[in-house]
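Visitor: All the letters of the sequence shown, read from the start, carry residue numbers 1 to 374 under our numbering. For each residue, glycine too, the CB sits at the ideal point set by N, CA and C. The structure displayed is predicted, hence computed values, not measured ones.
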Amino acid sequence: MKIFSWQRIKAIFSKELKHIMRDPFTLMMALMLPLLIVLILGSSIEFNIKSIDLAYVDNDKTMASRKLIETFGSSDYFKPYVVSQPDDALDDIISGQARVAVVVPTDFQKNVLSERGAQIQVLVDGTESSSISSVSNYLGTVNKNAMYKIRDVPINLDSDNPKLKIRYLFNPELNSRWFAVPGLSAVIIALVAIMLTTLTVCKEWERGSMEMLLSTPATRLDIVVGKMAPYAILSFIGFILVFVVARAVFGVPFVGAYWQLVMGTLLFILGYLAIGLLISVSTKKQEVAIQYAAIIGLLPTVILSGFVFPIEYMSRGYRIVSAIFPARFYMDVTRDQFLKGSWFVDIWWLYMILGVQALIIFSIAVIRFKRSLE
């Protein structure tokens, strides 16, 4: 008997497709869940911090101090409000009402217009370390603009110091959604792909229908391929929906090649379907499989993929661990194709790693499937 038969695979594929069409939960997970996740998280994730509450203490009460608070208020970064005492500003930071406090000393106008210059005390809530650098940059920019206004010097004519003209490539507006939504697609695809195969194969074991399937002439390879194929199609349809939402709703540009994104997505889907199958054949229980899927599939996809934390800033050990999971490399593919548009010759190694990972995980799943039946 042949180890691999397209006819047997077609029969198993047809059987699995009929089960899917009769199961509204599976269809909802495959098609509706990606839409809900990308719409909710895509709208809520915001790396650009704006409208920071700022307590302002004006001990000078001059034209210069008023121009300073006007500059803070005219920016999108801060929402200043006046308090009478520095202790009140500190209390607001402690209570969480304010993130930043600015204390303007007496003789501020006199000092800022003289050659000595003036000092301003700034208190920043340091409990959220991830946003401190952004807040510090905003403070520096606003303070610089305020000094131009106070001294009545045009911004483009001030000082002899060399000026930096910064141009941000690929994301000129530094729009956080352009960065987050393509990465979010990897998380969604991984979640859907791993859950679909994990739950459905476990159901076969629990109901006893898997034993009936194994009694047929179909080989284990036929069963694995035949059962994975429908969920690969569903996962890819989910990716198309996420792609449409990213372009139409969030306005994320796409400058790459469609075939490169599709090829990377298919390799990524196969890898995570194989992970789901491996978990399923190893546990054979839905409750246990879901826990393993969350720990093995979802958490590393979010934490160790570069979706939130840049891989290059992690310790060497975590970088090595992250390389085990396909999401680590697919994250680079999808963000590159959306925003950069690199040619295949420049990122071919990403596709090679995704393909090797999918092949290795698939092979382990088939071997494990065989051993669990002996």
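Just tell me which of I360, Y138, Q109 has its CA closest to the CA of K61.
Guide: Residue mapping note: residue 61 aligns to position 61 of the sequence shown, counting from 1. The residue with the shortest Cα to Cα distance from K61 is Q109.
Visitor: Please tell me whether T198 and I69 are closer than 8 Å, where the distance is taken between their beta carbons.
Guide: Here residue 198 corresponds to residue number 198 of the sequence shown, with the count starting at 1. Here residue 69 corresponds to residue number 69 of the sequence shown, with the count starting at 1. For T198 and I69, no; Cβs fall outside 8 Å.
Visitor: For the beta strand (DSSP E) that contains K79, what are its first and last residues?
Guide: For this step, residue 79 is matched to residue 79 along the sequence shown. Segment 78–83, the beta strand (DSSP E) holding K79.
Visitor: State yes or no: is the C-beta of I150 within less than 8 Å of the C-beta of K79?
Guide: Counting from 1 along the sequence shown, the entry for residue 150 is found at position 150. Counting from 1 along the sequence shown, the entry for residue 79 is found at position 79. No. Outside cutoff.
Visitor: Between which residues of its own chain and P253 is the CB-CB distance below 6 Å, once the five residues before and five after are set aside?
Guide: Taking the first residue of the sequence shown as position 1, residue 253 is located at position 253. Correct list: empty, nothing qualifies.
Visitor: Please list, in chain order, all residues of the same chain as L277 whose beta carbon is under 7 Å from its beta carbon, the five residues on each side excluded.
Guide: Here residue 277 refers to the residue found at position 277 of the sequence shown. The residues are T197, V201, V224, M228, A365.
Visitor: If you pair each beta-carbon of the stretch 96–103 with each one of the stretch 166–182, do three or more pairs fall below 8 Å?
Guide: No contact exists between the stretch 96–103 and the stretch 166–182.
Visitor: Whose CA, out of I9, F329, M210, G73, lies closest to the CA of A190?
Guide: Start at 1 with the first residue of the sequence shown, and residue 190 comes out as number 190. Proximity to A190 across I9, F329, M210, G73 peaks at F329, based on C-alpha coordinates.
Visitor: Counting only runs that start and end within the stretch 12–76, where is the beta strand (DSSP E) found for 3 or more residues in a row?
Guide: 52–58
Visitor: Would G256 and D336 qualify as a contact pair, given that the criterion is a beta-carbon distance under 8 Å?
Guide: In the sequence shown, counting from the first residue as 1, residue 256 sits at position 256. In the sequence shown, counting from the first residue as 1, residue 336 sits at position 336. A contact, by the Cβ cut-off of 8 Å.
Visitor: Could you tell me which of D332, G140, K203 sits nearest to E287, measuring between CA atoms?
Guide: Residue mapping note: residue 287 aligns to position 287 of the sequence shown, counting from 1. Per the Cα distances, K203.
Visitor: Can you name the start and end residues of the alpha helix (DSSP H) that A232 belongs to?
Guide: Your numbering for residue 232 matches position 232 in the sequence shown. Per DSSP, A232 belongs to the alpha helix (DSSP H) from 220–248.
Visitor: So, are the CB atoms of F236 and S185 less than 8 Å apart?
Guide: If you number the sequence shown from 1, residue 236 lands on position 236. If you number the sequence shown from 1, residue 185 lands on position 185. No, these two residues do not count as a Cβ contact at 8 Å.
Visitor: When DSSP builds the beta bridges, which residues end up paired with A101?
Guide: Against the sequence shown, residue 101 aligns to sequence position 101. Beta-bridge pairing links A101 to A55, L123.
Visitor: If I measure Cβ to Cβ from P182 and keep anything under 6 Å in the same chain, skipping five residues before and after, which residues do I get?
Guide: Numbered from 1 along the sequence shown, position 182 holds the residue referred to as residue 182. The answer, listed in chain order, is T334, R335, F338.
Visitor: Would A218 pass as a contact of I12 if the rule is Cβ separation under 8 Å?
Guide: Here residue 218 corresponds to residue number 218 of the sequence shown, with the count starting at 1. Here residue 12 corresponds to residue number 12 of the sequence shown, with the count starting at 1. Yes, Cβ-Cβ distance for A218 and I12 is below 8 Å.
Visitor: Shortest alpha-carbon distance to V308 belongs to which of R177, V83, N145, T106?
Guide: Here residue 308 refers to the residue found at position 308 when the sequence shown is read from its first residue. Among R177, V83, N145, T106, the Cα nearest to that of V308 belongs to R177.
Visitor: Contact check, Y351 vs G264 under 8 Å by CB: the rounded distance?
Guide: The count along the sequence shown starts at 1 and reaches residue 351 at position 351. The count along the sequence shown starts at 1 and reaches residue 264 at position 264. Their Cβ separation, rounded to whole angstroms, is 6 Å, which keeps Y351 and G264 in contact under 8 Å.
Visitor: Just mark Y56 as buried or exposed, buried being the case when its beta carbon has 16 or more other beta carbons within 10 Å.
Guide: If you number the sequence shown from 1, residue 56 lands on position 56. So Y56 counts as buried.
Visitor: Suppose you measure from the CA of M32 to the CA of L241; what does that come to, to the nearest Å?
Guide: The residue labelled residue 32 in the question sits at position 32 within the sequence shown. The residue labelled residue 241 in the question sits at position 241 within the sequence shown. Straight-line Cα distance between these residues: approximately 9 Å.
Visitor: Taking the runs of the beta strand (DSSP E) that are 3 residues or longer, which of them lie wholly in the stretch 294–323?
Guide: none
Visitor: Cβ of G355 within 8 Å of Cβ of L267?
Guide: Against the sequence shown, residue 355 aligns to sequence position 355. Against the sequence shown, residue 267 aligns to sequence position 267. The answer is yes: Cβ separation under 8 Å.
Visitor: Excluding the 5 residues flanking M210 on each side, which residues of the same chain have their C-beta closer than 8 Å to its C-beta?
Guide: If you number the sequence shown from 1, residue 210 lands on position 210. Cβ within range, chain order: V201, E204.
Visitor: In whole angstroms, what separates the C-alpha of F25 from that of D332?
Guide: In the sequence shown, residue 25 corresponds to position 25, counting from 1. In the sequence shown, residue 332 corresponds to position 332, counting from 1. C-alpha separation (whole angstroms): 31 Å.
Visitor: Give a yes or no on whether the C-beta atoms belonging to L123 and A146 are separated by under 8 Å.
Guide: Indexing the sequence shown from 1 puts residue 123 at position 123. Indexing the sequence shown from 1 puts residue 146 at position 146. No, the Cβ-Cβ distance between L123 and A146 is not below 8 Å.
Visitor: Spatial neighbours of A193 within its chain, please: CB distance less than 6 Å, with the 5 preceding and 5 following residues excluded, ordered by chain position.
Guide: Here residue 193 refers to the residue found at position 193 when the sequence shown is read from its first residue. Cβ within range, chain order: S235, I269, Y272, L273.
Visitor: Quick one, which of P310, F179, Y231 has its alpha-carbon nearest M376's?
Guide: This structure cannot speak to residue 376, because the chain is shown only from 1 to 374.
Visitor: Leaving out five residues before and five after F369 in sequence, what residues of the same chain have Cβ atoms less than 7 Å from its Cβ?
Guide: Here the question's residue 369 lines up with position 369 in the sequence shown. Non-local beta-carbon contacts of F369 in its own chain, meaning distances under 7 Å to residues more than five positions away in sequence, involve R220, V224, V281 in chain order.
Visitor: If you reduce the DSSP assignment to three classes, tell me which class F325 lands in.
Guide: Counting from 1 along the sequence shown, the entry for residue 325 is found at position 325. Three-state DSSP puts F325 in coil, outside helix and strand.
Visitor: Taking the straight line between their C-alpha atoms, what separation do you get for R8 and M314?
Guide: Your numbering for residue 8 matches position 8 in the sequence shown. Your numbering for residue 314 matches position 314 in the sequence shown. Near 46 Å, if we compare the C-alpha coordinates of M314 and R8.
Visitor: Measuring straight from C-alpha to C-alpha, what distance separates I295 and R319?
Guide: As a first step, residue 295 must be located in the sequence shown, where it is residue number 295. As a first step, residue 319 must be located in the sequence shown, where it is residue number 319. If you take the alpha carbons of I295 and R319, they lie about 18 Å apart.
Visitor: Which residues in the same chain as D92 place their Cβ atom closer than 6 Å to its Cβ, once the five residues preceding and following it in sequence are excluded?
Guide: What you label residue 92 is simply residue 92 of the sequence shown in a count that begins at 1. Once the five neighbours on either side are set aside, the close Cβ partners of D92 are A55, A98.
Visitor: Give the secondary structure of S5 by DSSP, where H, G and I count as helix, E and B as strand, and everything else as coil.
Guide: Taking the sequence shown and counting its residues from 1, the one referred to as residue 5 is at position 5. Reduced to three states, the DSSP call for S5 is coil.
Visitor: Using the beta-carbon count (16 or more within 10 Å), is T216 buried or exposed?
Guide: Reading the sequence shown from its first residue, position 216 is the one you call residue 216. Classification for T216: exposed.
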